[in-house]
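Sequence positions in the sequence shown follow my numbering and run 750 to 971.
We put the CB at the ideal spot given by N, CA and C, even for glycine.
Every value quoted in this text rests on a predicted model; they were computed, and no experiment measured them.
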Amino acid sequence: TPQHSSAASDVYKRQESGNELAQMLAFILGGMMVFYAFFTGANVLNSILTEQEKGTLQRLFTTPTSHMAIFSGKFIAALFILAVQIAVLLLFGNLVFGIEWGEPLPVAIAAAGLVIIAATTGLFLVSLIQNPRQGGIIFGGLMTLTGMLGLITVFTAGSPNTPAALQTVSLLVPQGWAVRSFRQAMEGEALSNITVTFAVILLWSAVFFFIGQYRLRKRFES
């Protein structure tokens with residue numbers, strides 16, 4: 750009957766609206782997760798500068814432990830904290846908001862990429878500054894700017910006429926690639942596409958890691 754047809758149409762519209770809202774919430778939560786992961790990585794590795802200022806790092810260097818082992822320990826700690834943080838947020842989003850992040854393997858690849866790039870970016874930034882006070886300026890300013898650029902596709906997710914140039918701009922910063930990998934996982938893209946994104950993230954990470962550890966080693970071994 751017309752009444753039944755109208756009721757069914759209303760139910761369908763509500764379901765469709767609910768799905769769109771859930772997808773938008775997933776994009777926003779995923780974007781915020783990426784945004785704050787970079788701050789976490791930087792703040793954990795900023796302990797290198799804090800210990801340098803307090804003199805505890807110099808005392809560590811007097812032990813038989815190599816500089817590389819000390820810096821590697823700091824880096825591994827950042828990886829571990831980031832992995833726990835991201836796992837908790839993914840689980841929280843799924844259990845509390847019902848967010849479907851995607852198939853387990855693509856989501857695991859996206860999460861691994863975020864852990865690695867957030868930690869290596871932190872290492873790179875720490876190698877550029879001399880003390881924790883400079884770190885506040887760099888982390889608060891530069892990382893906020895690059896984070897906002899990386900989240901452009903999140904802010905424009907609900908707009909059907911988003912210029913392609915904006916998506917390209919977001920990929921000029923590492924946060925943009927991390928966001929892209931989660932979006933690919935949530936949208937069910939082919940594993941090959943997600944793997945390509947992950948490979949680019951690893952390339953960013955390798956550059957940041959080698960520059961960061963080289964600068965730190967050169968600074969403290971001189």
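A distance below 7 Å between beta-carbons, with the five flanking residues on each side excluded, links Phe969 to the following residues of its chain, in chain order: Phe810, His816. Contact check for Ser930 and Ile901: beta-carbon distance about 15 Å, past the 8 Å limit, so the pair fails to qualify. Val856 sits close to Ala934, with the two beta carbons spaced by under 8 Å. Taking a C-beta distance under 8 Å as the contact criterion, Thr869 and Ser954 qualify as a contact pair. For Val922, the secondary structure class from DSSP, reduced to helix, strand or coil, is coil. With three or more CB-CB distances shorter than 8 Å, the segment 768-787 counts as touching the segment 831-843. Take the alpha-carbon of Leu965 and the one of Ser876: they are about 5 Å apart. Within the segment 842-897, complete alpha helix (DSSP H) segments of at least 4 residues are found at 853-877, 881-886, given in chain order.
Ser796 carries a helical assignment under DSSP once its states are collapsed to helix, strand and coil.
It is roughly 40 Å from the alpha-carbon of Trp926 to the alpha-carbon of Thr812. Nearest neighbour of Lys823 by Cα position, chosen from Ile797, Phe841, Phe846, Arg808, turns out to be Ile797.
Where Glu936 is concerned, there is no enclosing alpha helix (DSSP H), because DSSP gives it neither an H nor an E. Closest option to Leu894, judged by alpha-carbon separation, among Met773, Phe788, Leu840: Phe788. Per the C-alpha coordinates, the member of Ile887, Gln801, Ala775, Ile819 positioned closest to Gly847 is Ala775.
As the crow flies, the alpha-carbon of Ala791 is around 7 Å from that of Leu874. DSSP places Thr814 outside both helix and strand once states are collapsed to three, so it counts as coil.
DSSP, read as helix, strand or coil, puts Leu900 in coil. Within 10 angstroms of the beta-carbon of Ile950 lie 16 or more other beta-carbons, which makes it buried. In this structure, Gly896 sits away from Gln879, with a CB-CB distance that is not shorter than 8 Å. Going by C-alpha positions, Ala948 is about 15 Å away from Val922.
A direct Cα-Cα distance of roughly 16 Å separates Val928 from Glu849.
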